[in-house]
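The block underneath contains the structure these notes are about, expressed in structure tokens.
Number of protein chains: 4
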Amino acid sequence: MNKRILLTLFVGLAGLTNLSAQKTAKLPVNKTAVLSSVDEHTSELIDLSDKIWEAAEIALKENVSAKALADYAEAQGFTVERGVAEMPTAFIASYGSGKPIIGIMGEYDALPGLSQKAVPEKSPLIDGAGGHGCGHNLFGPGSLGAAVAIKELIEQGKLKGTVRFYGTPAEEAIGGKIYMARAGLFDDLDACFDWHPDAENKASTQSSQAMIEVTVEFFGQAAHAAADPWNGRSALDGVEAFVNGLNMFREHMKPSVRIHYIIEKGGEAPNIVPDYARVGLYVRDATRKGMMEVYERVQQIGEGAALVAGVTNKMTITSGYHEQLPNIAGANVLYKNMQLVGPISYTPEELEFAKGIQRSVKMEEKGLDGSIGGIDPTAEFPTGGSTDVADISWITPEISLVATTAPIGTPWHSWAVVACGGMSIGHKGMAFAAKSLALTMVDLFENESIRKAMRDEFLEKRGDYVYKAILPDGPPPVK
Amino acid sequence: MNKRILLTLFVGLAGLTNLSAQKTAKLPVNKTAVLSSVDEHTSELIDLSDKIWEAAEIALKENVSAKALADYAEAQGFTVERGVAEMPTAFIASYGSGKPIIGIMGEYDALPGLSQKAVPEKSPLIDGAGGHGCGHNLFGPGSLGAAVAIKELIEQGKLKGTVRFYGTPAEEAIGGKIYMARAGLFDDLDACFDWHPDAENKASTQSSQAMIEVTVEFFGQAAHAAADPWNGRSALDGVEAFVNGLNMFREHMKPSVRIHYIIEKGGEAPNIVPDYARVGLYVRDATRKGMMEVYERVQQIGEGAALVAGVTNKMTITSGYHEQLPNIAGANVLYKNMQLVGPISYTPEELEFAKGIQRSVKMEEKGLDGSIGGIDPTAEFPTGGSTDVADISWITPEISLVATTAPIGTPWHSWAVVACGGMSIGHKGMAFAAKSLALTMVDLFENESIRKAMRDEFLEKRGDYVYKAILPDGPPPVK
Amino acid sequence: MNKRILLTLFVGLAGLTNLSAQKTAKLPVNKTAVLSSVDEHTSELIDLSDKIWEAAEIALKENVSAKALADYAEAQGFTVERGVAEMPTAFIASYGSGKPIIGIMGEYDALPGLSQKAVPEKSPLIDGAGGHGCGHNLFGPGSLGAAVAIKELIEQGKLKGTVRFYGTPAEEAIGGKIYMARAGLFDDLDACFDWHPDAENKASTQSSQAMIEVTVEFFGQAAHAAADPWNGRSALDGVEAFVNGLNMFREHMKPSVRIHYIIEKGGEAPNIVPDYARVGLYVRDATRKGMMEVYERVQQIGEGAALVAGVTNKMTITSGYHEQLPNIAGANVLYKNMQLVGPISYTPEELEFAKGIQRSVKMEEKGLDGSIGGIDPTAEFPTGGSTDVADISWITPEISLVATTAPIGTPWHSWAVVACGGMSIGHKGMAFAAKSLALTMVDLFENESIRKAMRDEFLEKRGDYVYKAILPDGPPPVK
Amino acid sequence: MNKRILLTLFVGLAGLTNLSAQKTAKLPVNKTAVLSSVDEHTSELIDLSDKIWEAAEIALKENVSAKALADYAEAQGFTVERGVAEMPTAFIASYGSGKPIIGIMGEYDALPGLSQKAVPEKSPLIDGAGGHGCGHNLFGPGSLGAAVAIKELIEQGKLKGTVRFYGTPAEEAIGGKIYMARAGLFDDLDACFDWHPDAENKASTQSSQAMIEVTVEFFGQAAHAAADPWNGRSALDGVEAFVNGLNMFREHMKPSVRIHYIIEKGGEAPNIVPDYARVGLYVRDATRKGMMEVYERVQQIGEGAALVAGVTNKMTITSGYHEQLPNIAGANVLYKNMQLVGPISYTPEELEFAKGIQRSVKMEEKGLDGSIGGIDPTAEFPTGGSTDVADISWITPEISLVATTAPIGTPWHSWAVVACGGMSIGHKGMAFAAKSLALTMVDLFENESIRKAMRDEFLEKRGDYVYKAILPDGPPPVK
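Which chain is which? The protein sequence lines are U, L, X and Z, in order. One point on numbering: in my numbering, the residue at position 479 of the first sequence is 479, and numbering is uninterrupted. Each position in the second sequence, counted from 1, maps to that position plus 1000 in my numbering. Each position in the third sequence, counted from 1, maps to that position plus 2000 in my numbering. Each position in the fourth sequence, counted from 1, maps to that position plus 3000 in my numbering.
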């Protein structure tokens, strides 16, 4: 979830008692079965999660992590295809045959520089190494746990169809799912699931922003900056004119638009007029249409900035994210199943750990929110943020869950998320997710009507648009 | 002298005694005659100067001033053509016939907002009215005084040829001489003279900067700045991108270049996205060639700025000044004649007036410099400044004098210059100029060899360039 | 309505038949009386409107207009106090005594440069003169017509209390109502009314943006821009650094904020380093609190820009507008009375006139919308725009009406509004407004419960804030 | 010579015949002896040069290079002190005792990324490795060769006093000589020598620019750039305001000033508001005084930019270079000795090699300039460029030579310089330098009057200034 923002609502901690025991008594057998399955496999899932947490491999380098998950799936009886979509760490694990085909996605890439022990104050495990600051060590095993539970029912003949686990790498960098989507790997699905670690439990009904990542390069002419600067044309001048132009443009953008940038390369040495400079740029809007209109102006600004500086300009879209199509029909089914699982309860030690985290990051000591958040109406505009899950939502109806794996108010992409992901708070969220998702998958496998309602909504929202990945030609940038 | 800069050297005050009395004893008769002529007409010239000083008419409005000078010339026997070059306040007063034809120029336009009494502290004569902050009230009568002296010799048959006084308006605004030059009014001259009020006496051997005046317009799309700024395209954004581009460009200009601008129009009201904005821009360099190379980049910057802001851009050269071709042969002749006239001496009251001025403007109380400054070698690059006299120097050999009419260190284009121009300090400088110029004109009328030396130098410096005024098509912008 | 934006909804034209005839049959006598009163006075109101339309006097110059209204009120029996709040064209016309005291406001200032005949294509009445591009020629007489109807009932003893017409000048420039509010002139009201010309009929339930107008000045050091620019400090550099800083700041402003500016003064002449430069700036947000937080950063940017340019900076708030407190209780009463009046119907000629306007401004030819628009929920954030009516809404419960006086989609503050305001389309809107407001005033005079509901809502929304006009010390800037 | 600019005059190739053979016949014995000494040691010096050329060690990493030179000096009988001024690769090799004490400096650091074979087209020796793009492989051995020749005369009792070779590292990075100067290592010298590879032979009479290297840091507040950019304060905004301010400031700098910068750090990732950004900045002027006045404004601009962006700013001077005091008395002595050595002659193969270089870099094929350039008057302002040799010129009279080691027009700090430095063109220049310097050193050892003339000039130019290195406190940034 590299660009998605977490709406961490500071909900009071309601009942912490896990009501699942009583409730399951009255559950249909398949639902009872998947809950039991997750319980049975939980220690294995925790082992997988901890292994990935320790490996802490960044995008496209998730060799140990992808192998651990793929091997586990294989050991459970799944058919595994590794290295799909030209990415060595992408894979698909399938079980069953025929329709319906229900997918579920798992991520497992870490973030650079966030290495951290499972303690409530900042303390790197290995200095300078990566860390699971977005909780993806939980994401992969949690989703796989749900898939395994479904696989067992298919194996037992209690469900018909195919369950498919997508090992989706590099969410934090290039949007691995987009390459997998371009390869057509989601095309035959009836529906797809994902979840994400968060500070609350919620069935998502919100969209996300469409986004493109753009590399903006300027090419000038070097010269000695003291001796004959008049013979030089500064590529950095091009960058300055460009970003200044972007900032003026902000007045004339709709409030739903976001543009932000860094200067990745701003010259070699002060005594040389820079002949090369580069900006890293993201452009977002609530819709691809709005975003591309903004991008047209951005390109014009780049062209103009080059003229202003007397240099040349090149813009390259390196990746593009669709806006998410929320599926309310699906979210409602998920919400009911989350209630069946019941809120997550925490031990005094876990609550103390959470408050320790909150003290360390100077947030209010509100502890953890294990409750089940309600269904919100879809906002007119999404909050600022994007995700490659959104691309899948244009191919098949998508159900998204967030589950609590960190204390209220935790800054995301931080050591604090790493710490919780390596101990029981994270593990509990993972189990909650696995159960909620597995229950909902049971509903989808069993009920054509649910699938149809979801598809009808999907078709209406998608319209006659045919999904096309926003990617440069050629394979993914695997080194 | 709206853009020329005065090299006010802080020369010590050498002998203040006017040695002309003794020296004239040994002078050739024609030289003695012109000195006497100026002395005889001095009170009339002072009356003319004071009339123009009081009228203080700004560029192209010099009706009283031009009429006073033209009427006086006519009364002296000159043939006067008024309203030349499509400017009502431009005129030519001629006397004599045949070759050589020697010209001398006089200016008489004032500056807005500089009204001042002839007192050594700031005190407007008429609030908000104009004032002769560049001393042009002295310039016109001084030059005419020299022309009258020559006319008398022609009339008496002691000199042969034609003397021509050019009444050149609007130096401070549009460069009236450039329009007169475009009209071919200087084409048949053998040489031309000018002088300018200053804080020292010197035969000029320096160049001036080539310069163009440019109007830079941006055209956008208005919109309500609070309600739907996204429907607007700000012309002011274009201006901001443009001037920002100019400022970045400064690093890549040679040290001889000058670019400066104001924002003449920056929007109508804050709640309207500006659909029109305008910059007033000057571009200068030591040569027209360098200047035009710079201007090419400036045009590119304008084009780029328009793209950056999503607006359109238009640049118009409204006036252009050549760089001055100094004529060293001529300057040397002038220098000798200045020595014949001798330094200007001042009374204790005048020196006290000068120090009063210096106290008021917080300069050192150095008094006045009436000495004759020496001949300087031509500098590689001129100091920053331009003049429409320079255009004439590409058509005919030009001799330029500066004469002391204000205290050492006086800030030009200020009330202090106005004050001195309305009393004896200014009058003395005017008489010094009239005498120095008349003496030098005698030399030129009498000596073909001097004219030839000047022309040879002129031709060599000019090369095969054929003068072309840098002006927009059409008549001068007289209301 | 100089900064308010019109949400011109393109509602289809429903029934054009004016149902008021039938409906009035069943109306209470006081309501019937006010409708009759407006009908009786309509031709006088149209005369007043046309007189103000022709005078087209801009802010603080509304001498003819204010006098016409005040004289008419006096002639009708009102007690008139002229020149209130130190503005010669502000006045209050009162009738009756004691409680309740109900106010109604009328504007009458025109906009510069919008002179236009009452024809459907752009054609100035007097070149360069003002025009009623915001329809204030209708606003004043319309409100006064309602006040007269109420006055007649008080006179007849059918209503008890005081009716007060506020002649509020200079809405387009300084916010005349704010000065009147500061003077305490609205303090004893039980409620106040206003209406505004528009392209639809609606009881307003929306807020408006809080706004301050700020003059931002920079002071530098002049120098000759070619000769010694290193001795100058450019005030315009300060402006450039400032506006560049504002544009960078836009990334870090909430979407509800608006900042916009013009450069009012950007130097005297290109060859002088500018020693003075000035920006005209508006800062707005949904609330005064948010706005003032933004203004703190803006002040910091000004301070920083001055340091960047080596100059000094001064910021002055010249006027401030509160955000509007909508009064839903009041709007609901108004809405019912608008339905009693019924939609405005148009003749084929009026519809053709409207379409002519639409052709001229290149809008869709949708004609006129005379229907009664429904009650909208108050939006989270107001659309961009501000009004001095909002200040009154913090002093007393305020009811705001908009009434159709121009075709669907008419660009406001344009010649098109002027054209319609000078003929029957405008007159019909004025009569509709006068009737709707008079009917609602009857309800307020008669029903303590309505007044109480409005006041309760007002008090809750206002909280314990004590209104304080955001104005510089001293009298209004009446020349 | 990392920032010095080479005035590569395109002098025609005069006589290529080396006249030294005939001339030495008439030379004093000591001069004959040093010429012979250099000839005898030439092959060793070439070996040293080639070894350093191959090692190509960048600043402060010159372990092999420094050791080779120091070992050679030791082997020749010098007393060597290694690791002086806290830099492991700085050393001093001394011979003799008592006064006079004459120093000579040698550099030996390479430039990163310029690896190149000794061939006339671009072809790296080792991809990505360093290369002697400034010819320092020749500089060190050439100077040491001169010192050895002097040492032999002292050893033989033919000269009295002390000769001292300074191994000065890190010229291209931190200005190693400045640290050595701060340590007082040059304080007891009577005079000092240096030379530098170039494209012409010349006794230098020019100054160089004073310069400071400044690190400019901005510190902001990170935030998610799409989700809550209003909670962030962008350090990059600070950088943008700062460099924009610098560019506006250019209009107000004297033509002798140079300011140039790169953006070293401009954010981490586009979706994070940058909380840290950094500029690398050089400020130069003809004098330290002018430079520090400019730096005061630069600091003010940094402070202002921080306010504009709402962030904080820190500036650190990391190194400072004095302007060079040319010693004309010394240059004249050097010039005479260069004439004794005579022009450098080249073989047809060397000329072809040179033209091959010129073809490769698209310069005119003018070959090599081995002639002896004349003595130029000291220019009012130095061309743009700085050197750490200049610091020594404020401690003791300094004689600077440039000698041809590369073709006419060679771009410095390029592969082309590397190529020539690894073959006979470079070697010939080195020998020329060694001889010219050794001859001049003989003059200084022998003539108190020369030393006195040089010292008198030095003292007059230095005035009462006491040298103070412009450096941060603490040791040099080794490792």
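Each residue gets a CB set at the ideal place from its N, CA and C atoms; glycine is no exception.
CB contact check: residue i to chain L, cutoff 7 Å
i	result
P3382/Z	no
E296/U	no
Outcome for residue i when other beta-carbon atoms lying within 10 angstroms are tallied against a minimum of 16
i	result
T3396/Z	buried
E213/U	buried
E1380/L	exposed
T3017/Z	Low confidence applies to T3017/Z: its pLDDT is 35, below 50, so where it sits in the model is not reliable, and the reading given next is rough at best. Classification for T3017/Z: exposed.
K314/U	exposed
Q2358/X	buried
Y1095/L	buried
V1311/L	buried
Short CB-CB distance (under 7 Å) between residue i and chain Z
i	result
R182/U	no
E1997/X	No answer is possible for residue 1997/X: it lies beyond the span of chain X, which begins at 2001 and ends at 2479.
Q2299/X	no
Proximity winner among the options, relative to residue i (alpha-carbon distances)
i	options	result
P3124/Z	D3456/Z, V3417/Z and M3363/Z	V3417/Z
Q1339/L	L1439/L, P1169/L and D1127/L	L1439/L
F2445/X	L2307/X, L2111/X and L2153/X	L2153/X
G1175/L	V1038/L, I1392/L and E1364/L	I1392/L
I3301/Z	N3244/Z, Y3346/Z and K3031/Z	N3244/Z
P3197/Z	R3288/Z, F3139/Z, Y3095/Z and V3257/Z	F3139/Z
T2205/X	A2331/X, P2120/X and K2479/X	A2331/X
T3042/Z	K3428/Z, S3449/Z and E3448/Z	K3428/Z
E2293/X	A2210/X, E2240/X, D2228/X and V2239/X	A2210/X
Neighbour flag for residue i against chain U, beta carbons, 7 Å
i	result
A1147/L	no
P3477/Z	no
Original post:
Which residues, taken in chain order from the region 1451-1473 of chain L, show a beta carbon closer than 8 Å to some beta carbon of chain Z?
Top reply: Across the region 1451-1473 of chain L, no CB contact with chain Z closer than 8 Å is found for any residue.
Original post:
Relative to chain X, which residues along the region 3276-3287 of chain Z have a C-beta separation below 9 Å, given in chain order?
Top reply: Listed in sequence order: no entries.
**OP:** Take every Cβ of the region 3226-3233 of chain Z, pair it with every Cβ of the region 3267-3278 of chain Z, and state whether three or more of those distances are shorter than 8 Å.
**Re:** Contact holds: three or more Cβ-Cβ distances are below 8 Å.
Subject >> Residues in the region 3195-3209 of chain Z having any Cβ partner in chain U nearer than 9 Å >> reply: Answer in chain order: Q3209.
Subject >> Residues of the region 1241-1272 of chain L with Cβ closer than 7 Å to any Cβ of chain U, in chain order >> reply: Per Cβ criterion, the list reads A1241, N1244, G1245, M1248, E1251, H1252, M1253 and K1254.
Original post:
Closer than 9 Å, Cβ to any Cβ of chain X: which residues of the region 1305-1329 of chain L, in chain order?
Top reply: Taken residue by residue, none of the region 1305-1329 of chain L has a beta-carbon sitting less than 9 Å from a beta-carbon on chain X.
Original post:
Using a Cβ cut-off of 8 Å, which residues of the region 2381-2403 of chain X contact any Cβ in chain L, in chain order?
Top reply: The region 2381-2403 of chain X vs chain L, Cβ under 8 Å: T2383, G2384, G2385 and S2386.
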